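Chains as they are written, first to last, in my numbering: chain A, 1 to 496; chain B, 1001 to 1349.
Notes for the one structure printed next.
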Amino acid sequence: MVEALSLERIDIARQREVARALRAFLPERAVLWEEEDTRPYECDGLTAYRQVPMVVALPETEEQVQRVLQTCTAMGVPVVPRGAGTGLSGGALPPGDGVLLSMAKFMRILRVDSRARVAVVQPGVRNAAISEAAEPYGLYYAPDPSSQIACTIGGNVAENSGGVHCLKYGLTVHNVVRVRGFTMRGEPIELGSEAPDAPGYDLLALAIGSEGMLVVLTEVSVKLLPKPQCARVIMASFDDVGKAGQAVADVIAAGIIPAGLEMMDKAATRAVEEFVGAGYDLEAAAILLCESDGTPEEVEDEIARMKAVLERSGAARMTVSRDEAERLRFWSGRKAAFPAAGRISPDYYCMDGTIPRKRLGEMLHFIAQMERKYGLRCPNVFHAGDGNLHPLILFDANNADELHRTELFAAEVLEKCVEMGGTITGEHGVGVEKINQMCVQFQPDELEMFHAVKAAFDPARLLNPGKAVPTLARCAEYGRMRVRGGQLPHAELPRF
Amino acid sequence: MSLQALQKRIGDAAGRGAALRLRGGGTKDFYGNAPRGEILDTRSYAGIVSYEPTELVVTARCGTLLSDLDAALAGHGQFLPFEPPHFGAEATFGGCIAAGLSGPRRASAGALRDYMLGAKLIDGRGRVLAFGGQVMKNVAGYDVSRLLAGSLGTLGLIAEASLKVLPRPPLELTLTLELPEERAIDALNRWAGQPLSISASAWHDGELHLRLSGAPPAVRAAAEKIGGEETQGQLLWSAIREQTAPFFGGPEPLWRIAVPPVTPPLGLAGKQLIEWGGGLRWLKSDATPNTVREAAQRAKGHATLFRAAARPAAVFAPLDPVLMRVHRDLKAAFDPAGIFNPGRLYAEM
C-alpha cells in the first residue's frame, strides 16, 4: 500500500476532444464525462485510491471496443478496462487523463455446451452466473472467489482469481481455455483454444493474471466440470495456531488433496460468528475447515482419512457437516470474513501474501508481533491449503497515524512473505497497491523484462499504464524512502 | 557446469552472434523444426534443489534426469501428474519443460503448463532471471514461467524450474471396450461430464482403453457403471506415452492433431490413435501437410508434424500475423541476438 495518490486534475479541453471522438461511433449514453456520471467509477474494491476518470466509455459490441482502442491509440490516450470493480488492488483505478473502458454491457452468456463442457461468455458475465447457467446440465465453473456473486469473469482473467477450492480445482489459469479480444491498437487477437492447446507460445498464460495490461477481452471460454455429487466439511478446532498449521501439512503428507482447506484464527472466528452465526468453536485458537467432495463413496472414505489425520495432529474437537445446509453454514463464516471485519472496524486492510504452507505457524507468530509493534488488531483468514494468507488489519482511515501504521504493518508482512520464499500477492494482484513491494520481490532485470513483455502487446504503453510493474526509478525512490524512515527491513535482501 | 559458466557461455555466444542449440539428453531432437547451432549441453547442471512432499513442490535443475526425478517423487508416493513422455532414458527435466509435452493423464489432470510454478532462466544477455516461485498461488508479475513451458528453448536456457506435484492415486485399473470411432468419441465426451474417475483414454482400431484412478470405492463404482473388460494396463499406458506401441511404428509421418474433444471423426487417410477424451488425435498418414492442417483448422484445432523421417513442412501450424508479431517481439525481448534454438519453433524467429 502506498499513500493515496493525489488526484489528477482533468484537462477540460482534452476531455471534450476525447469525448467527441468517441461520440463519433458510440451513442450518447455510452460516453460519460460529467462528474456526476464519472464519479461512480473513481475506484474499485480498493477504496483508499480514488481518481475520477477523464471519460468513461461503455461499448456494447466488439466493433465498438475495437474503435475505442483505435481512437485512443491514435490520440495517445490511456485506457483502463473495468469489470464489476470488485478488485482489491486498484487494478481498475481510472486514469485522470484517459478513458475508463467499462465492459459492464458485455454480459451475455453466448454458449453453454454441455457435451463439450465449455461455456463461452462475455467478460462482463458474473462468475456465479456461469455456474448458474451450467447447473441444469450438472456442470459448474470451479474457481469461486469470495466475491463471486458480483465479480466478472473478465476481472477474474485479469487477476487470475482463485477461491476456496483452488487447491484441488486450480485457479482461473487452469479453468479458462480461450480468450478473444483486441490489443491496444485494436488488432483482433485470440489466445488459447477449446482444443487441448494452441500452437506457439502459451500467450493465454501470460494474459491471465496480466491485470488488464496486455489485451482487452471481449469473449472468454471456460471449462465446466461435473458438479460433485456430494460434499462434506470437517470443522476442526486447535488450541494452538502452530498445531493447526502443522495439521495442514499433515493432511497433504497423507496423500490427501482436500477440496478446500481453510484456516481462521480466534479473532476472525469471533468477528464472523457475531455476523453470520456459522457455529464456530469460539474457544479454539484456530479452526480448520477441511472439505471433501466427489461421489458419496469417495467422500465417506476421504472424510474418515482426514479425520484420522487431524486427530493425530492434535485437533481438540471436530464436527463434520451432516447435510448441505450445515456445510454451507460452516462456509458462510469463511466467506463473510471480509464484511465481518468491516463491521467491527471502521476500515480494514486485507493482505494477500502467499508462503510455503509449512511456515504458516511461524507467520502467525510474526503477525502477532506486528500487532503489538503497531498497536493494531489483525484477524487472520487463510487459504491454508495453498499457503495464501488474508490477514485483515483493522484501522480507522480518518486517523492519519493509524493509516500510516497500517501501511508499515502491511509492508512488513508482505516483505516477510518474500523472505519466506513466498510472494506479495496470491490472488488479488499488484495493481497500484503493492507496486512498491514488487521492488522487493523482483530484481531490476526481471522488472525490465516485464516491461518488455508488455511492450510486445502494447508498445505505446497505453493499456492500464503504471499498474502492476513499477518503473526502476520508482523502486529506487521506494528504497530511499524506506531507508530514510529508518524502516528498511531485511537489509540482507539484494537491492540496488 | 556451474550457473556462472552457463551464463558466460551464453554471453559469449551472444557477443559473437553464434546460434546455440540447447540440448539435454537429446531424446527430443526429433521434435520441432531442424535444430541448428553449437550444442550447449545442459546435463552438467543437474540435481534436485529442493523437494518437500508436504508442500507438493519440487525444484530441480535442467540437467536432472527425468527418471531420477520420478524416482525421488515415487519415494514419497507422489508423481508428475501430467505424465510427461521421456522418449528415452536420457531425458532431462529441462528438456521436458522446454518441449512442454504431457502424457495420457492430460485430459483429467491438466498439462505441464498447469503445474509450472516458477523458473530460473538465463536470457540472451546471459542474465539469470527468476519468475514465479515455489508457491501454488502467485500473481506478482506476468506469468513468464508458464510461458516457458513448450517454448522449445527459444526464450532462454531454463536453468531451474519448480513444479507442483501430487500424490499418486491409490488405485488404478484399465478397462477395454469394443467401440467404433464415432461411438467412442461420443462415449468419451458423455463420460467426461460425469464423475467417473477416468484418468486416461486411448482408442485405436475399434478398441477403447480407459484408465480409472482414485479412491478404491469410487474407482470400483465407476468401473461397474462403464462396463467393459478389466485388462492389464500399466504397459499399455507407458507404451502409448513413450510411443513404443506398434501404432507408432512404420515409415509414415506422425501427426499430432489437437482438436476440441467433441470433434467428430476427422476422416483423414491413414491410421489413428485417439487420446485425451477425443482431444488428441495421433495420425500416421502420408496425407499432404495441407490436407491434415486444413482438417485440423476446420475443427478449430491445429496439427503438428510430430515425427517424420524428413520434415516435409513446417512442424507447427502457422500463426496469424498479429500473433506472429507478438511472438517475434517476445523472442527479441528475451533473446535480442536471436541465439537460442533459432527456427526450432518457427522459421521467422
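In this text, a Cβ means the ideal position worked out from N, Cα and C, and glycines have one as well.
The model shown is predicted, which means the values in this text are computed figures rather than measured ones.
In this structure, DSSP gives V18 (chain A) a helical state, which the three-state scheme calls helix.
Assignment of beta-bridge partners to V222 (chain A) by DSSP yields A:A119 and A:V176. Taken through DSSP and simplified to helix, strand or coil, F182 (chain A) comes out as strand.
Residue environment analysis places R108 (chain A) among the exposed positions, since fewer than 16 neighbouring C-beta atoms fall within 10 angstroms of its C-beta. At the C-beta level, V1058 (chain B) and V1165 (chain B) come within 8 Å of one another. The beta carbon of Q1194 (chain B) sits closer than 8 Å to some beta carbon of chain A. For secondary structure counted as the beta strand (DSSP E) over 3 or more consecutive residues, the segment 63-93 of chain A holds these complete runs in sequence order: 79-82. Comparing alpha carbon positions, the residue from A:L403, A:I189 and A:G426 closest to L414 (chain A) is A:G426. Straight-line measurement puts the Cα of P1195 (chain B) at about 46 Å from the Cα of V99 (chain A).
Cβ atoms of H383 (chain A) and E262 (chain A) come within 8 Å of each other, at about 6 Å.
Nearest CB-CB separation between F1131 (chain B) and chain A: below the 8 Å threshold. One thing to note: G1132 (chain B) has its Cβ no nearer than 8 Å to the Cβ of A1111 (chain B).
Counting along the chain, the unbroken beta strand (DSSP E) around W1203 (chain B) starts and ends at I1198 to H1204. The shortest C-alpha to C-alpha distance from D386 (chain A) to any of B:A1072, B:T1027, B:P1217 and B:Q1134 is the one to B:Q1134. Setting aside the 5 residues that flank it on each side, L1345 (chain B) is surrounded in the same chain by L1152 and T1154, each with a C-beta closer than 6 Å to its C-beta; the list follows chain order. Within a 10 Å sphere around the beta-carbon of S193 (chain A) sit 16 or more other beta-carbons, which makes this residue buried. With contact defined as three or more Cβ pairs closer than 8 Å, the segment 1156-1176 of chain B and the segment 1231-1239 of chain B are in contact. Around P1180 (chain B), the same chain offers G1206 as residues with beta carbons nearer than 7 Å, after the five sequence neighbours per side are excluded.
As the crow flies, the alpha-carbon of T295 (chain A) is around 17 Å from that of R1190 (chain B). Under the rule that a run must span 3 or more residues, the beta strand (DSSP E) segments found entirely inside the segment 1139-1226 of chain B read 1157-1164, 1171-1178, 1198-1204 and 1207-1214. With contacts defined by Cβ atoms closer than 8 Å, V177 (chain A) and S221 (chain A) form a contacting pair. Within the segment 414-442 of chain A, the residues whose Cβ lies closer than 7 Å to any Cβ of chain B are, in chain order, G421, G422, T423, I424, T425, G426, E427, G429, V430, M438, Q441 and F442. For T1092 (chain B), the secondary structure class from DSSP, reduced to helix, strand or coil, is strand. Under the Cβ criterion (8 Å, minimum of three pairs), the segment 63-73 of chain A counts as touching the segment 180-189 of chain A.
V1262 (chain B) reaches chain A at R115 and A116, counting residues in chain order whose Cβ is nearer than 7 Å. Secondary-structure assignment with DSSP links Y1051 (chain B) through a beta bridge to B:V1058.
For G429 (chain A), the closest of A:G277, A:I208 and A:S345 by C-alpha to C-alpha distance is A:I208. Residue contact check for G209 (chain A) against chain B: a CB pair falls below 8 Å.
Taking a C-beta cut-off of 8 Å against chain B, the contacting residues of the segment 288-301 of chain A are G294, T295, E297, E298, E300 and D301, listed in chain order. Of all C-beta pairs linking the segment 1241-1260 of chain B to the segment 303-320 of chain A, fewer than three are shorter than 8 Å, placing the two stretches out of contact. Residue contact with chain B for G245 (chain A): absent (no Cβ-Cβ distance below 8 Å to any residue of chain B). For Q1234 (chain B), the enclosing alpha helix (DSSP H) begins and ends at Q1234 to R1241. Taking the Cα positions, A271 (chain A) is about 58 Å away from I1339 (chain B). DSSP places W33 (chain A) in the coil class of the three-state scheme, outside both helix and strand. Taken atom to atom, the span from the alpha-carbon of G353 (chain A) to that of S161 (chain A) is near 14 Å. In the DSSP assignment, P391 (chain A) is bridged to A:N380.
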